[in-house]
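Notes to accompany the following structure.
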Amino acid sequence: MSGSGKPLLGLWLYRSGEDWTYKEENPILLKKQPSISKNAEDIPQPPDTEKERISVIFTLKNQVGGLVRALQTFQDLGINVQHIESRPSHDADNQVDFLVDIECESRKLEQMGRLLKREVVTMVIGRYGSGEESDFPPPTPLSATASFGITNNNMSLSSPTFYSVVPEHMSQHLSTFQQHNNNLCDYEILSQSPQQQLVTALSLPGSNPSPGGAAQEVAVKADIDSSTHIPAAHHPRDYDDMPWFPKKISDIDNAQNVLMYGSDLDADHPGFKDPVYRKRREHFFRIAMNYKHGQPIPKVKYTPEEIKTWGTVFRELQKLYQKHACKEYLENWPQLVKYCGYREDNIPQLQDVNVFLKRKTGFQLRPVAGYLSPRDFLSGLAFRVFHCTQYMRHSSDPFYTPEPDCCHELLGHMPLLANPSFAQFSQELGLACLGASEEEVNKLATLYFFTVEFGLAKQDGELKIYGAGLLSSVAELKHAISSPEKVKRFDPDETCKQECIITDFQLGYWYTDSFEEAKEKMRTYAEQIQRPFGLRYNPYTQSVEVLSNAQKITAVVSELRGDLCIVNSALKKISAKDSTLDVNRIANLLQTGLLVQNDDGADEKYNEKA
1 MSGSGKPLLG LWLYRSGEDW TYKEENPILL KKQPSISKNA EDIPQPPDTE
51 KERISVIFTL KNQVGGLVRA LQTFQDLGIN VQHIESRPSH DADNQVDFLV
101 DIECESRKLE QMGRLLKREV VTMVIGRYGS GEESDFPPPT PLSATASFGI
151 TNNNMSLSSP TFYSVVPEHM SQHLSTFQQH NNNLCDYEIL SQSPQQQLVT
201 ALSLPGSNPS PGGAAQEVAV KADIDSSTHI PAAHHPRDYD DMPWFPKKIS
251 DIDNAQNVLM YGSDLDADHP GFKDPVYRKR REHFFRIAMN YKHGQPIPKV
301 KYTPEEIKTW GTVFRELQKL YQKHACKEYL ENWPQLVKYC GYREDNIPQL
351 QDVNVFLKRK TGFQLRPVAG YLSPRDFLSG LAFRVFHCTQ YMRHSSDPFY
401 TPEPDCCHEL LGHMPLLANP SFAQFSQELG LACLGASEEE VNKLATLYFF
451 TVEFGLAKQD GELKIYGAGL LSSVAELKHA ISSPEKVKRF DPDETCKQEC
501 IITDFQLGYW YTDSFEEAKE KMRTYAEQIQ RPFGLRYNPY TQSVEVLSNA
551 QKITAVVSEL RGDLCIVNSA LKKISAKDST LDVNRIANLL QTGLLVQNDD
601 GADEKYNEKA
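In terms of the UniProt record's numbering, the sequence shown has 21 at position 21, counting the first letter as 1, and numbering is strictly consecutive.
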């Protein structure tokens, strides 16, 4: 990669100990392997954070999949679970209390709490030895009633059986019960057994597991009919089992899953050996992690070195914009100069840009600590919230950064977020991801990458650039415009299969004739996403409405009818005076939008009779 950070989409990574590892199911390689110095002593290592024993008590609704989703939080953060027990809740008949003992680094506690709050009703965190422990009753052995034997392809009722399970895979194994709509009523780790090791999903009694890692003895019992024998087939998820997504704008406070960088830098990061830069990054990390919706974004006093780096990038990119940037970008640039202080000798403040964008398109900025997960980043767009870095790239190489920084955000993204059509395109991409599967989110993230980050548009017969990754990278901008053979017309079904490259130039780029064309193609693509409901953003309440029944849909139609009356009245008043107004085109747009497919696959026009 040259001149810019790539998208603010989080890397498809998970962390194991102190190392980052690629998830096999994700199609995009977003991180190059670190280059290690021959003399390890030459590289300053960040201080190790000591793990401490923590007790977490939380309450869940007694429903399928609840425990699986809660435990997934610990797995995603690489937190070791040592003990779990449960009891019926004293507060409600349909709720269950869980006590979970974990080993956790202090720096992960806040993030763990924030993510876990999504899944639970209530939660309390206490440290061992601090007097904060709860009087949760001592664990009791599981009874000899319904326990499960789980084999390669089947799950069947059997006598009590104990299995060895790798701790990091616990939520995976428990998801088997979720898939078959069996409600877990008890789950307990009975003992740690370092002698037993395991690579496969489960080690049955009498088997010979392969070496791989320390295992624990686990027993599970669940509510199930005594005659049950369930083949391990896929069952469609109902609404309760869909991935959590924010319903109102303040919920984004709980969607801040930072996967990479933040206050930690890799050994090959340009600023890794610079203690002053590392300390500066910790400052920006704290600002982002402490930020809550509705607060003004704290203003930053940038250092002379940071301003010099900004000026170097600003000056070189300015030479290219007039010729190669799209017209929508150029239209908004003078206003950013006037209202937000875009100058070579000044780094604009996010709060000033936030006020400007809110007035232009309703978009808001939110400081972010590092790479977010794709789901969390796209979820923000659904509410017209753009997660934005506030820190500057390292001064040693102004035209290279392995991550997005404020040069990328302010020079690449902001001018187009001030364009109404582009803002709507971004929001609809975000709405499409809410409640979608991981596979679908990854495809949407790829589409975001090749449009919002690396997209081109044909204007006046020439290819112009609107992608922020290109508009903030001198080298790749020049590469893209000089390689017309690599530019293809945007097709979501094909584009979502394209490999995304971070450490080098892209293998291909995609263009449309307009943002409207991109929106229409994305709308058609989004209709393929499997969800048992529709979603609509309500700008008055800044919330997402789940359209899951006839009453909710009727309410929306009633609201739209009011808007159509306003449009109809305006058409009557203006059409006689304005010859450029194409009434037939507007009517066709409305008619096309009300095509609904019937059960036979044919399109029916639904016209409301007065």
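For glycine and all other residues, C-beta sits at the position ideal for the given N, C-alpha and C.
All of these numbers come straight from a predicted model, not from anything done at the bench.
With distances taken between CA atoms, Leu-71 lies nearest to Lys-117 out of Asp-91, Gln-318, Lys-117, Leu-320. Look at the region 524–579 and you find these whole runs of beta strand (DSSP E), each 3 residues long or longer: 534–538, 543–547. Check the Cα spacing between Asp-493 and each of Leu-447, Leu-477, Asp-504: the tightest is with Leu-447. Going by C-alpha positions, Glu-520 is about 49 Å away from Leu-99. The straight-line gap separating the alpha-carbon atoms of Pro-420 and Leu-365 is approximately 16 Å. Shown here, His-387 sits in a strand according to DSSP, grouped into three states. In the DSSP assignment, the residues bridged to Pro-367 are Cys-388. Rounded to whole angstroms, the gap between the alpha carbons of Gln-95 and Val-546 is 25 Å.
Between the region 268–287 and the region 396–415 there are three or more inter-stretch CB-CB distances shorter than 8 Å, so the stretches are counted as touching.
Under the DSSP assignment, Cys-340 falls in the alpha helix (DSSP H) whose first and last residues are 327–340. Considering only Val-353, Glu-440, Gln-424, the residue with the shortest C-alpha distance to Ser-514 is Gln-424. Arg-315 counts as exposed, since fewer than 16 other beta carbons sit within 10 angstroms of its beta carbon. Annotation for Lys-360: Ala-418 place their beta carbon closer than 6 Å to its own, counting only its chain and skipping 5 residues before and after. Taking a C-beta distance under 8 Å as the contact criterion, Lys-248 and Gln-542 qualify as a contact pair. A distance below 8 Å separates the beta carbons of Thr-122 and Thr-59.
Taking Leu-535 as the centre and dropping the five residues before and after it, the same chain places the C-beta of Leu-431, Leu-434, Val-544 closer than 6 Å to its C-beta, in chain order. By the C-beta criterion, the region 382–391 is judged to be in contact with the region 273–291, since at least 3 inter-stretch pairs fall below 8 Å. Here Asn-332 is buried, its C-beta having at least 16 other C-beta atoms within 10 Å. When beta bridges are read from the DSSP output, Asn-346 appears opposite Arg-343. For the 8 Å CB-CB criterion, Val-64 and Ile-252 do not form a contact. Per DSSP, the unbroken alpha helix (DSSP H) holding Leu-431 starts and ends at 420–433. For the pair Leu-463 and Glu-103, the Cα-to-Cα distance works out to about 54 Å. In the structure shown, the three-state DSSP call for His-324 is helix.
Check the Cα spacing between Leu-590 and each of Thr-512, Pro-88, Ala-445, Arg-561: the tightest is with Arg-561. DSSP, reduced to helix, strand and coil, places Asp-352 within a helical segment of the structure shown. Take Glu-119, set aside five residues on each side of it, and the residues of its chain with a beta-carbon closer than 6 Å to its own are Arg-69, Ala-70, in chain order.
For Gln-528, the closest alpha carbon among the candidates His-293, Glu-439, Lys-552 is that of Glu-439. A distance below 8 Å separates the beta carbons of Ile-347 and Glu-306. Spanning the alpha carbons of Arg-375 and Ser-437 requires a straight line of approximately 10 Å. In the DSSP assignment, Tyr-509 falls within the beta strand (DSSP E) that extends over 509–512.
By the Cβ neighbour-count rule, Pro-246 is buried, with 16 or more other Cβ atoms within 10 Å of its own. If you check the CB distance, Ala-445 and Leu-378 come in under 8 Å. When DSSP states are grouped into helix, strand and coil, Ser-437 belongs to the coil group. Here DSSP, grouped into helix, strand and coil, assigns Lys-458 to strand. DSSP links Asp-101 through a beta bridge to Ser-55, His-83. Closest option to Cys-406, judged by alpha-carbon separation, among Pro-367, Leu-381, Ser-373: Pro-367.
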